[in-house]
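So in this note's numbering, the last spot in the sequence shown is 1446, and the numbers never skip.
Just so it is clear, CB atoms sit at the ideal spot from N, CA and C, and this is done for glycine as well.
Notes for the one structure printed next.
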Amino acid sequence: MAASMTGSHILSQVQSLNAVKALHQRCIELEKFLRNTSTKELKNILPYLFEKIFGYGLDPGWGLDLISRSSSPQDFDYVRRLLAPEGPLLSVVYTLMMDSFYEFPMNNLPSPTQHLIEDGSLPIFYANKLQYHNYGRPIIVLNAYELYMFHLAYHLVNPNVQKHSTNWSNITDTLYPVLIEDYLNYFLPLNKDSLPKMPTVQTPVRSPVMHSPMAGKSFNMASSPPSPQRPSLLKSSFVSAQKQHVQTATVISQGETTETYRSDTMIQVFAEFWLNQNPISIDRQSFSHTASPYGPGLPRGPYQYWFENFMPTTNHVRLVRLLVKHVHNFVNTVKPEVVSSPYQSHIPSMLDEFKRSLIPHVIQKKLYTFLRHGFDRWPLDCSFRLLLETWLTYIQPWRYVLSKSSTGRRDSDANDSKTVEEKWFSFVEDNLLFYTVLHQEFTQRVFRMDLTTQFNACMLFRANKVYSLPNLSNMIFRAERDMCNAIWMGRPGHPDLGGSYISPEASLSLNTQISELEKPGFQYCRMYSKEMIHTMKAILGHIEVAKQILSVQEESFNRTKKSGLAAIFDVSSWFQDDHSMGDMSPSEVKKVHSYLDTAAVNICYISEIESPRFDQSSYLEHSLTSDRIPDCEETKEGFLLTPLGRHQLMNKMRKFDVVYQGDPDLQPIRSFENATLVRVLHYFCNFINTQYGQDIQNLCDRNDLIGRMAQVYFAPPLPLNSNLNSPISSTRKQTLQLPRLSLRPLASYRTLVYVGLCYLVLTLWWGVGPVGFFFCVIGVVLLYGFFSAMIHRSSVKMN
């Protein structure tokens, strides 16, 4: 009873601390509380503290991703000190690692992990963290340090927390990414020969292996199946290391050192929550935002889960890139292997072994899944550049090598174009799919990009600049040749054994070898096949069309550009956007041209093809031909998509050109038109045309001067054989096929400015009033109609 009362008293104290409104004051009080409370009492309230700080359920926590150094420096500094790697809270966590274990909710784990556990396939990372209670749902049991890291990583993907989050303009100004960088610098130090020692704890205490009370319950370890000896896309050393890791990852040795435990756990947790939200082994069509189509309680076979399509935020991608950069920096500090004699073996240190196994065992597979999903489903906007840069960061480990001065910084970006050294060939070989499959995924996105925008042109330039680095293309070529070996098909000019994909017999072999990274049934397409060369040529055509569009815009802009007094008195240009160049300035347009030109040169270098010459008119004419339009059929209501056309449109195989093909009087209101005046004039004209439509028709049918003048004033009828693809009523279509009154040009700001200037001139010079100006306008309109009718008459006589 006394213990229960003590626990309630401690909990009430913590709750009162969270009631303090000032965050920095709350940190001060919490530090005092942690310092003055015994470890036994802190043991029970630790999960509650984590939930209040990082957020859980509907509680957003302290809002670590909203605290800014510039807006609230005091809160920033106090919370950062509280949660520092050697701060008050983690000091308590290290102390409680000895004998304290806590439950973490299963429904907060990534969806692929949840379904693997429910199916009985035990992920290696959870081998010693799973427990069953009374034949019920499995639970995750963690020690204090693991629980802290789970809450820290889950904060980034917690949907209730992200509802209140905003995009970070600068990750060095926001508390959460700064904390992550602090942990990375502390647990993965770059300039130290050893990891920080764990205080007070001499041996790593992991959550114990909990055996299920269910008789006969067994788990299938989620590892790759044994493969026979055959050519592999993964090096034999890497595959054997993977198998060794699978066999020994769950074994806890009593004499195991604490050197790498905390660092390993942190990286594994980050990779689990940030990179493992979507599975690669499930077919892409199974992603959905809806519930399972099988219904509740119905049995589901393998790969029949209806996964939710998790889309990371831009903040999420920024932190993934930060993680990749730091991992590269950390791994590249490994000491070179010592070549010993056959009679003497060299035992590498635990830290070097950890560095060598970090990328292939922890990062590689989950990062590939993360990038593969993002390349396939990321929106077509400029934010895709964050994901692209994350991919380019991973495939360029040579950019993240510490300089000899040991300043903690990588080599300068000025050396980004230097030759890729031969020592990186093993990395290219071990990560071949990152260089080939993801590059092919990116090229498919290029066709859906508007390359006339600066961001998209820059993305194309950045990707091809990396692949044009000296010796990198040759490394990828050699890696493909070595991996495919017997089924090798060479570059252009080399013997081709037929087909763009590897033969079915070879696919069975390769599917086994790349099962660690790809889904079942995946077919590997060669980087330098004829089909890929054809795709590169098509991208060159896409680049050329974008350059021609930009050139037309520049010519139009330069042609209408005036100088001197003409530019000052060119009032009409103030109210129109016909001659503008969009949101880009002329200097930005030149930069886009430079990006596209350099990208085209790099593509030709990578693929070893000559730069083709394009004819603008023929290429644009080809782009507008009917074979690019979705399949449709013509009906009374216009064109309707067929089932095949809907399939083509949804899968972005074909598309319609976005042009207006409906009622000309109902075109969207332009920026150079007055919206209110457009609507008023439309209502007026619609009334006149409805009431006096037949009289207007009879007037225009006359063969005398008045009939020809009427034809000048009224809009001509639409031809009977004209096709209006937009839906329109039959009554309205009959109205459009008759002469009609259309006053919409009067709603243009240009017209209004001209009328206003004329009124001012007549008023100031000749003293004409409003009534006189009105009759002057009527006279000008009648004279214009008269002369137009006379000109029309003479042209008729000449014909």
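Query	Result
If you measure from the CB of V1427, is any heavy atom of the ligand ZN nearer than 7 angstroms?	This structure lacks the ligand ZN, and indeed carries no ligand of any kind.
Assuming F977 contacts L837 under a Cβ cut-off of 8 angstroms, what Cβ separation, rounded to an integer in Å, is found between them?	6 angstroms
CB-CB under 7 angstroms to I1250, same chain, minus the five flanking residues each way: which ones, in chain order?	N1111, M1183, I1186 and L1187
The alpha helix (DSSP H) that contains I714, what's its start and end?	No alpha helix (DSSP H) holds I714; DSSP gives it neither H nor E.
Could you work out which residue in Y749, Y1082, P1386 and G1426 is closest to N1458 when comparing CA atoms only?	Because the chain is modelled from 648 through 1446, residue 1458 falls outside the range shown and cannot be assessed.
Identify the continuous alpha helix (DSSP H) that holds I827 and give its terminal residues.	L822 to F834
Rounded to whole angstroms, what is the Cα-Cα separation between H762 and Q721?	43 angstroms
Have a look at S870 and E1165 and give me their C-alpha separation to the nearest angstrom.	Note on S870: pLDDT 42, under 50, position unreliable in the model; no value is reported.
So, at 6 angstroms on beta carbons, what are the nonlocal neighbours of L1451 in its own chain, with the 5 sequence-adjacent residues on each side left out?	Limits of the chain in this structure are 648 at one end and 1446 at the other, which puts residue 1451 out of reach.
Do the stretch 1425-1440 and the stretch 1348-1366 make contact, defined as three or more Cβ pairs closer than 8 angstroms?	yes
From the DSSP output, in three-state form, read off N838 for me.	coil
Judging by CA-CA distance, which residue of V1067, E1069, V1236 and K982 is the nearest neighbour of T1100?	V1236
Give the secondary structure of T1100 by DSSP, where H, G and I count as helix, E and B as strand, and everything else as coil.	coil
What does a CB cutoff of less than 7 angstroms around Q1043 pick up in its chain, not counting 5 residues either side in sequence?	V1113
So, under 8 angstroms CB-CB, A1246 and L1039 are touching, yes? Tell me the CB distance rounded to an integer number of Å.	With 8 angstroms as the limit, A1246 and L1039 do not qualify as a contact, their Cβ atoms being about 14 angstroms apart.
Report the three-state DSSP secondary structure of V788 (helix, strand or coil).	strand
Checking 8 angstroms against the spacing of the C-beta atoms, do N925 and Q1011 come in under that value?	no
Exposed or buried, Y1330, counting other C-beta atoms within 10 Å across all chains shown (16 or more means buried)?	exposed
Between W815 and S715, what straight-line distance do the alpha-carbon atoms span, to the nearest angstrom?	10 angstroms
Compare the beta carbon distance of N755 and Y801 with 8 angstroms and say whether it is the shorter of the two.	yes
Tell me the residue span of the beta strand (DSSP E) that contains F1334.	First-last for F1334: A1322 to D1348, but that is the alpha helix (DSSP H), not the beta strand (DSSP E).
Using 10 angstroms around the beta-carbon of R1046, count the other beta-carbons present and answer buried if the total reaches 16, otherwise exposed.	buried
Closest to P1363 by C-alpha separation, out of N1350, I1343, D1351 and L1352, would be which residue?	I1343
Excluding the 5 residues flanking Y823 on each side, which residues of the same chain have their C-beta closer than 6 angstroms to its C-beta?	L711 and D712
What residue does the beta strand (DSSP E) around E750 start on, and which one ends it?	F748 to F751
Among R682, I692, Y833 and I818, which one has its Cα closest to the Cα of S717?	I818
Tell me whether R1387 sits in a helix, a strand or coil according to DSSP, three-state version.	strand
Could you name the residues of the same chain whose beta carbon sits closer than 8 angstroms to that of V726, not counting the 5 residues immediately before and after it, in chain order?	L670, H671, C674, W709, L711, I714 and L822
Taking the alpha-carbon positions, what's the E1202 to I1335 distance?	42 angstroms
Just reading off the alpha helix (DSSP H) that E688 is part of, what are its end residues?	T686 to F701
What does A1362 pair with, by DSSP beta-bridge criteria?	R1387
Going by the beta-carbon positions, is the gap between I1123 and M1179 smaller than 8 angstroms?	no
Check whether the Cβ atoms of K690 and S747 sit closer than 8 angstroms, and answer yes or no.	yes
Look up S1120 in the DSSP assignment and say whether it is helix, strand or coil.	helix
By the three-class DSSP mapping on this structure, what secondary structure does L1049 have?	strand
Would the beta-carbon of P1007 fall within 8 angstroms of that of V1067?	no
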